[in-house]
């Protein structure tokens with residue numbers, strides 16, 4: 001199957017029109033209803049002048065609206081730009097401007113998560129983005145923000161049928177933003193065939209069968225490639241049902257696994273840690289385990305004890321995998337039916353090649369099992385490149401290969417094991433956090449002269465963000481003040497929870513900060 005990524009939804013709507021596609025609490029959308037709603041969004045976009053090849057941004061937590069708008073944008077021939085719902089207005093504006101978004105859909109938010117106001121603040125800074133649609137919890141409600149259209153009301157007059165734009169398989173379907181150690185976030189352009197093939201490959205890995213109708217619990221954020229491909233798109237490809245949980249809560253997740261008879265769970269290691277910690281609250285583990293067919297982990301290394309404890313309690317082996325936004329994301333995975341090698345990210349998936357290269361070059365390492373090199377990936381999953389960044393694209397891509405910046409070794413059977421990260425990236429609770437971006441924001445504080453940010457081990461989140469700060473001459477600030485200020489400037493997953501004020505930082509002879517000497 002190739003062409004428009006929206007074909008996944010249309011095919012299942014044709015084969016299983018009455019089957020539940022998306023579930024949120026007591027609300028259910030069949031495949032026919034989901035497809036019709038996506039058609040209304042596509043008609044809405046076309047009526048507002050959105051053209052094939054345009055980019056349209058989307059900020060929405062795990063709600064049916066995300067999937068409706070996602071496929072509606074694709075049907076119109078535009079590319080989806082999913083944004084992290086924790087971004088502040090300044091960060092939203094950057095993403096809208098950098099992606100060239102012509103329209104922006106944003107959920108109205110809640111008091112705890114004011115997405116709408118932050119989105120509107122960002123939209124107001126970008127003149128080129130012409131249309132702002134507020135997604136209201138009540139589809140009939142008026143827009144709570146002046147100058148913005150309420151999506152529900154705007155959709156109401158649109159027909160539920162639409163001829164999906166016949167895109168080329170190499171056209172951009174999704175632009176996923178990922179940061180680098182060089183500074184600002186950059187958009188990875190993923191083709192329709194990248195996303196389609198990766199979803200179909202996941203179905204093969206997990207023995208998906210449209211006649212069996214798997215039930216997927218969606219706790220991974222859908223704005224991230226892990227949730228999009230492994231949950232949403234794979235489910236749509238094989239007629240599965242996606243049960244949504246807007247914000248992860250271990251007890252609520254366990255209750256949903258029981259009440260909706262979940263067969264497929266995917267999460268980052270901290271989610272598995274949370275599930276195990278909530279089992280002493282009268283949960284019927286055996287009833288959950290009876291239905292659970294697949295458990296998948298990614299985003300960070302899964303602790304051995306968590307792996308073993310989950311298998312002991314649920315009677316199922318967690319399959320670990322590896323991937324990046326630039327690879328749609330799945331590149332390697334453990335194999336269903338094979339005993340896992342704890343600590344391994346598995347074997348390359350079908351249609352994908354992986355090799356180890358000398359860091360800084362493209363020379364393949366040919367040593368034995370103990371040889372360490374940088375992972376390079378080639379296959380149907382590799383991105384087109386970074387949006388409008390030819391030099392940064394050239395730095396990581398060569399002859400179809402993509403260099404990941406991750407160091408690994410490979411055993412005699414071809415299974416890969418991550419050893420270290422050649423970049424300074426921090427993974428906090430499954431989110432990628434990039435120190436330089438945080439350092440640059442800290443340096444905008446009038447009391448800060450120099451800052452260095454690292455990740456430190458954390459039992460709950462895998463890593464926590466710590467900042468070492470040298471104060472400006474004559475300035476004063478406490479660690480608590482800097483943490484509170486950072487919280488106002490950055491998304492919740494980014495700001496440093498730990499700040500240590502120091503007089504100096506270790507450096508090399510050339511003045512580069514030696515982060516390995518910080519802890």
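Numbering (UniProt numbering), first residue to last: 1 to 519. Glycine included, each C-beta is placed from N, C-alpha and C at the ideal position.
DSSP state of residue i mapped onto helix, strand, coil
i, result
"residue 473", "coil"
"residue 355", "strand"
"residue 393", "helix"
"residue 196", "helix"
"residue 130", "coil"
"residue 203", "helix"
"residue 360", "coil"
"residue 16", "coil"
"residue 265", "strand"
"residue 271", "helix"
"residue 28", "strand"
"residue 333", "strand"
"residue 235", "helix"
"residue 486", "helix"
"residue 283", "coil"
"residue 500", "strand"
"residue 297", "strand"
"residue 140", "coil"
"residue 227", "helix"
"residue 511", "Any answer about residue 511 is weak, because its pLDDT of 41 lies below 50 and its placement is not dependable; what the coordinates show is given next. It is coil, neither helix nor strand."
"residue 308", "helix"
"residue 135", "strand"
"residue 120", "helix"
"residue 52", "coil"
"residue 240", "coil"
"residue 318", "strand"
"residue 34", "helix"
"residue 152", "helix"
"residue 221", "coil"
Residue burial classification, residue i (beta-carbon count within 10 angstroms, cutoff 16)
i, result
"residue 444", "exposed"
"residue 95", "buried"
"residue 45", "buried"
"residue 398", "exposed"
"residue 473", "exposed"
"residue 237", "buried"
"residue 275", "buried"
"residue 328", "buried"
"residue 476", "exposed"
"residue 186", "buried"
"residue 262", "buried"
"residue 304", "exposed"
"residue 378", "buried"
"residue 112", "exposed"
"residue 290", "exposed"
"residue 410", "buried"
"residue 234", "buried"
"residue 269", "buried"
"residue 23", "buried"
"residue 334", "buried"
"residue 300", "buried"
"residue 180", "Its pLDDT being 46, under 50, residue 180 is placed unreliably in this model, and the value from its coordinates should be taken loosely. Residue 180 should be labelled buried."
"residue 10", "buried"
Expected contact under 8 angstroms - CB spacing of residue i and residue j to nearest Å
i, j, result
"residue 302", "residue 272", "7 angstroms"
"residue 494", "residue 438", "6 angstroms"
"residue 575", "residue 326", "A query on residue 575 cannot be resolved here, the shown segment of the chain reaching from 1 to 519 and no further."
"residue 92", "residue 119", "6 angstroms"
"residue 82", "residue 223", "4 angstroms"
"residue 106", "residue 134", "6 angstroms"
"residue 426", "residue 465", "6 angstroms"
"residue 451", "residue 469", "5 angstroms"
"residue 103", "residue 174", "With 8 angstroms as the limit, residue 103 and residue 174 do not qualify as a contact, their Cβ atoms being about 15 angstroms apart."
Short CB-CB distance (under 8 angstroms) between residue i and chain B
i, result
"residue 363", "Protein chain content of the structure displayed is limited to a single chain, and chain B is not contained in it."
Closer than 7 angstroms: residue i CB and nearest the ligand GDP heavy atom
i, result
"residue 321", "Here there are no bound small molecules, and the ligand GDP is not part of this structure."
Next item on the list: For the stretch 187-202 and the stretch 346-358, state whether three or more C-beta atom pairs, one from each stretch, are separated by less than 8 angstroms.
Entry: With a cut-off of 8 angstroms, the stretch 346-358 and the stretch 187-202 count as touching, because enough Cβ pairs lie within range.
Item checked: Runs of alpha helix (DSSP H) wholly within the stretch 383-465 (minimum 4 residues, chain order) -> Runs of alpha helix (DSSP H) with 4 or more residues, each lying fully within the stretch 383-465, are found at 390-396 and 435-442, listed in chain order.
Margin query: Please give the ranges of any alpha helix (DSSP H) in the stretch 60-106, keeping only runs that are unbroken, at least 4 residues long and fully inside the region.
Written below: 64-75 and 89-99, all fully within the stretch 60-106.
Next item on the list: State whether the stretch 276-294 contacts the stretch 53-70, with contact taken as three or more CB pairs (one from each stretch) at a distance under 8 angstroms.
Entry: Judged by Cβ distances under 8 angstroms, the stretch 276-294 makes no contact with the stretch 53-70, as fewer than three pairs qualify.
Note to self: Would the stretch 126-142 count as touching the stretch 211-218 if we require 3 or more Cβ pairs under 8 angstroms?
What the structure shows: The stretch 126-142 vs the stretch 211-218: no contact.
Checklist line | Stretch-stretch touch, CB-based, cutoff 8 angstroms, three pairs: the stretch 224-233 with the stretch 246-261 | finding: Output reads no: the stretch 246-261 does not touch the stretch 224-233.
Check: Three or more C-beta pairs closer than 8 angstroms, one from the stretch 62-79 and one from the stretch 25-42: is that the case here?
Finding: Touching, yes, given that three or more Cβ pairs across the two stretches are closer than 8 angstroms.
Check: Considering only residues of the stretch 154-185, which uninterrupted beta strand (DSSP E) runs meet the minimum length of 3 residues and lie entirely inside it, listed in chain order?
Finding: Runs of the beta strand (DSSP E) inside the stretch 154-185: 172-180.
Note to self: Quick check: the stretch 481-499 against the stretch 455-469, are at least 3 beta-carbon pairs closer than 8 angstroms?
What the structure shows: With the cut-off at 8 angstroms, the stretch 455-469 and the stretch 481-499 touch.
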